[in-house]
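Read top to bottom, the protein sequences are chains A and B. The numbering used here puts the first residue of the first sequence at 214, with every later residue one more than the last. The numbering used here puts the first residue of the second sequence at 1367, with every later residue one more than the last. Think of the CB as a built atom: it goes at the ideal place given N, C-alpha and C, for glycine as much as any other residue.
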Amino acid sequence: MTTAYSPSSDLVLDEAPRRLGRAQRAGIALLVVIALFALFGPWLVGIDPARQQLERFLEAPSLAHPLGFDQLGRSMLARLAHGARLSLSLAAISVLSAAIPGTLLGLLAAWRGGWLERVLAAFADAVLALPGLLLVLLLTAFTPGGFWPLYVGISLALWVEYFRVVRAASRILLASPHVEAARLLGFGPVHIVRRHLLPELLPRLFTLMRFGFAGAVLAMSALGFVGVGLQPPTPELGVMMIELLPYYGEAPWLIGAPVLLLFLTLLGLLLLAPEREAA
Amino acid sequence: MTTISSRAPAWRGIATALAQRLLQAVLVALLVGTLCFFMTRMLPGDMAYRIAAGRYGYDMVTSAAAEAVRLELGLDRPWLAALGDWWQRLLQLDLGVSQVTAEPVMVEIERQLWPTLRLSVLAMFLSLLVGPLLGVLAGLKPGGLLDRVTLAVSVVLRALPSFLLGLVLVLVFSVKLGILPAAGHDDHGSIVLPALTLALGMAAVSCRVARDAMVQVRGSAYFAFALTKGLSMRQALLRHGLRNVAAPVIAYLGVQLVYLVEGVVLVETIFAWPGIGHALVHAIFGRDVPMIQGTALVLGLMFVLFNALVDTACAFIDPRRGAGHAA
Chain A
214 MTTAYSPSSD LVLDEAPRRL GRAQRAGIAL LVVIALFALF GPWLVGIDPA
264 RQQLERFLEA PSLAHPLGFD QLGRSMLARL AHGARLSLSL AAISVLSAAI
314 PGTLLGLLAA WRGGWLERVL AAFADAVLAL PGLLLVLLLT AFTPGGFWPL
364 YVGISLALWV EYFRVVRAAS RILLASPHVE AARLLGFGPV HIVRRHLLPE
414 LLPRLFTLMR FGFAGAVLAM SALGFVGVGL QPPTPELGVM MIELLPYYGE
464 APWLIGAPVL LLFLTLLGLL LLAPEREAA
Chain B
1367 MTTISSRAPA WRGIATALAQ RLLQAVLVAL LVGTLCFFMT RMLPGDMAYR
1417 IAAGRYGYDM VTSAAAEAVR LELGLDRPWL AALGDWWQRL LQLDLGVSQV
1467 TAEPVMVEIE RQLWPTLRLS VLAMFLSLLV GPLLGVLAGL KPGGLLDRVT
1517 LAVSVVLRAL PSFLLGLVLV LVFSVKLGIL PAAGHDDHGS IVLPALTLAL
1567 GMAAVSCRVA RDAMVQVRGS AYFAFALTKG LSMRQALLRH GLRNVAAPVI
1617 AYLGVQLVYL VEGVVLVETI FAWPGIGHAL VHAIFGRDVP MIQGTALVLG
1667 LMFVLFNALV DTACAFIDPR RGAGHAA
């Protein structure tokens, strides 16, 4: 989970060498807090999110239980912490498993060219022909309610972006004089990729990661919300929202908690954008 | 004269773009078809028994009924041959029969297509009405009050996923104020909230795109010249400004189509709007593979069609872009 955050903050520094904008700093702070909550929250709360205390259902927040208990008498804070952990870990592993192969294949396609590049590009076009969420929906239809189809669908929809961006940028960079000079001096592909390509690619990869991370969190909760993602009693943000919606009148804080968490996560990712692209 | 010579390459650009879109449509069909084919093969249990149970009810399933289903659907053939058959049927637009309602998928889709088109076109129209207008006004005075307010609102709207935005709108307009229906498809009012949900999400982005384009236009030499030669602000905007603002806004609409099509699925489901997206989610609930295939296919083709329209509009608004496409 931390891996998704530590490289991203490095990349920000890469992009705007000295200074971070105010919005970026706020975004980083927000995300760090949410990540810490996801990482240590379940352990700090220490209550099983599935444990029911039926006599305490819809109990109002108190000092000992800051978010009270849900409609089935389960600790809301425990469920929220587990939900945050679930969403962020899905997002982190799907972003990583999309970014690494996507980038490597993009580099390979730009380097080798020829039929390999054309086959990969055609495959990427086929995946991109459908909006990402439709692809994820189709894959979740294989085994509804599972975590793995969600993960596979999201990664499959995401890697294409890395492939396309890396391939397009690397083709230009590989034809540039400084890479040519490095080649003529006898440097191998590993050196050229590390010293000449990656520094140029990192800011773009970081942007893609931000969007991918937000997209993954969003896809999971959206599918949970409409009932085709993970199923109750899993403490997942979207599932919690739809389960708690009928109790909006009696206990608005219950549904408010997952909504706010999702909103703040997406807001943090949005604020992370460097100023010039913060349109 | 000049318009003709600048339009001519644009046509070639449009043709190339449309040919690419046609290829994309074929890719959509193959991708959806292949996924759905493997879905039928990989569903747990014996498929013939399952389909028979879906058709006749669980109590009526006999091995004879299952055998009949197996023969009818060719479930006993090798999978590669079956995949070939599947593709062939798909390309002939034979989408099969819904396993839940026993009606042809085509009939179901014809019924659902119109509400979806109505919803998405209205949403796009509303977003183009609100977003770029506010964006241009904000861009005329960068850093002004309107600019700051629209920036804040747009950031909040973009951090709010479409299904939550829909929820907020329902709570405000249906539960609190009671002026608009929360769901359904009975009267004219019921389209307002789903369309507004999608439109606000899209306007949040197009507003900022228009604002940045407007700031750029205002700083350009041709705009300064238009003002210097004596045109009023209004005239300069209408003659030189708007077309240059429209180009990036329309081009960005292509990116937003992903949001629109994904949003249609979620928003229709939440508002119980009887369209294709709603049908897709319910087909997944019911594990009705022919319906999943049909609805996903139509949504994918709708995505391609809208993209083709955006390509054409782009080429008309900005002939330079059309020429660039051909190259």
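- Query: When the distance is taken between beta carbons, is B:Ala1570 closer than 8 Å to B:Ser1528?
  - Reply: no
- Message: For the pair the segment 1648-1663 of chain B and the segment 1396-1405 of chain B, tell me if three or more CB-CB distances fall below 8 Å.
- Response: yes
- Query: By DSSP, does B:Phe1669 sit in helix, in strand, or in coil?
  - Reply: helix
- Using a beta-carbon distance below 8 Å, is A:Gly240 in contact with chain B? no
- Item | Within-8 Å CB hit, B:Arg1407 to chain A | no
- Query: To the nearest angstrom, how far is it from the Cα of A:Ser434 to the Cα of A:Leu347?
  - Reply: 15 Å
- If I'm right that A:Arg298 touches A:Ala251 with Cβ under 8 Å, what's the distance once you round it to whole angstroms? 4 Å
- Where does A:Pro255 fall in DSSP's three states? helix
- Distance, A:Leu480 Cα to A:Ala486 Cα: 10 Å
- Neighbour-count burial assignment, A:Ile385, 16 or more Cβ in a 10 Å radius: exposed
- Listed by chain order, chain A residues near B:Ile1650 by CB distance under 8 Å: Leu350, Thr353, Ala354, Pro357, Val441
- Task: Could you round the C-beta distance between A:Tyr364 and A:Ser307 to whole angstroms and report it? I think they count as a contact, below 8 Å.
- Result: 6 Å
- Task: Look up B:Ser1486 in the DSSP assignment and say whether it is helix, strand or coil.
- Result: helix
- Item | 7 Å CB neighbourhood of A:Met453 in its chain, flanking five on each side removed | Arg292, Gly296, Pro471
- Query: Looking at the C-beta of B:Val1676, does it have a partner C-beta in chain A at a distance below 8 Å?
  - Reply: no
- Report yes if the C-beta distance between A:Arg264 and A:Phe282 is below 8 Å; otherwise report no. no
- So the alpha helix (DSSP H) A:Ala460 belongs to, where does it begin and stop? Rather than Ala, the amino acid found at residue 460 of chain A in this sequence is Tyr. First-last for A:Tyr460: undefined, no H or E at that position.
- Query: Comparing alpha-carbon positions, which option in B:Thr1406, B:Leu1483, B:Asp1654 lies nearest B:Ala1561?
  - Reply: B:Leu1483
- Message: For a quick check, are the C-beta atoms of B:Met1405 and B:Val1647 less than 8 Å apart?
- Response: no
- Query: When Cβ atoms are compared, which residues of the segment 321-343 of chain A fall closer than 8 Å to chain B?
  - Reply: Asp338, Ala339, Val340, Ala342, Leu343
- Status (buried if at least 16 other CB within 10 Å, exposed otherwise) for A:Gly399: exposed
- Item | Interface residues of chain B facing A:Phe438 [CB-CB closer than 7 Å] | Phe1529
- Query: A:Pro448 by DSSP, collapsed to three states: which one?
  - Reply: coil
- Query: For B:Pro1470, which residues of its own chain have a beta-carbon under 7 Å away from its beta-carbon, when the five flanking residues on both sides are left out?
  - Reply: Val1463
- Query: Within 10 angstroms of its Cβ, does B:Asp1677 collect 16 or more other Cβ (buried), or is it exposed?
  - Reply: buried
- How would you list, in chain order, the residues of chain A whose beta-carbon sits under 7 Å from the beta-carbon of B:Leu1503? Going along chain A, no residue has its Cβ under 7 Å from B:Leu1503, so there is no contact; the nearest lies around 16 Å.
- Query: Excluding the five sequence neighbours on either side, which residues of its own chain have a C-beta within less than 8 Å of the C-beta of B:Leu1675, listed in chain order?
  - Reply: none
- Count the other CB atoms within 10 Å of the CB of B:Ile1475; is the residue buried (16 or more) or exposed (fewer)? buried
- From B:Gly1379, B:Ala1383, B:His1554, pick the residue whose C-alpha is nearest to that of B:Val1670; which is it? B:Ala1383
- Query: Do B:Arg1310 and B:Gly1501 have their C-beta atoms within less than 8 Å of each other?
  - Reply: Not covered by the structure: residue 1310 of chain B. The range shown for chain B is 1367 to 1693.
- Message: I'd like to know if the segment 253-263 of chain A and the segment 412-428 of chain A are in contact, where contact means that at least 3 CB-CB pairs between them fall below 8 Å.
- Response: no
- With burial defined as no fewer than 16 other Cβ atoms inside 10 Å of the residue's Cβ, what is the status of A:Leu333: buried or exposed? buried
- Query: At a Cβ cut of 7 Å, what residues of the segment 448-473 of chain A count as close to chain B, listed as they run along the chain?
  - Reply: Val472
- Item | Nearest-angstrom Cα separation, counted from B:Arg1584 out to B:Arg1590 | Rather than Arg, the amino acid found at residue 1590 of chain B in this sequence is Ala. Approximately 7 Å between the Cα atoms of the pair.
- Item | Simplified DSSP assignment, three categories, for B:Phe1637 | coil
- Query: So is B:Asp1442 buried or exposed if we call it buried at 16+ other beta carbons inside 10 Å?
  - Reply: exposed
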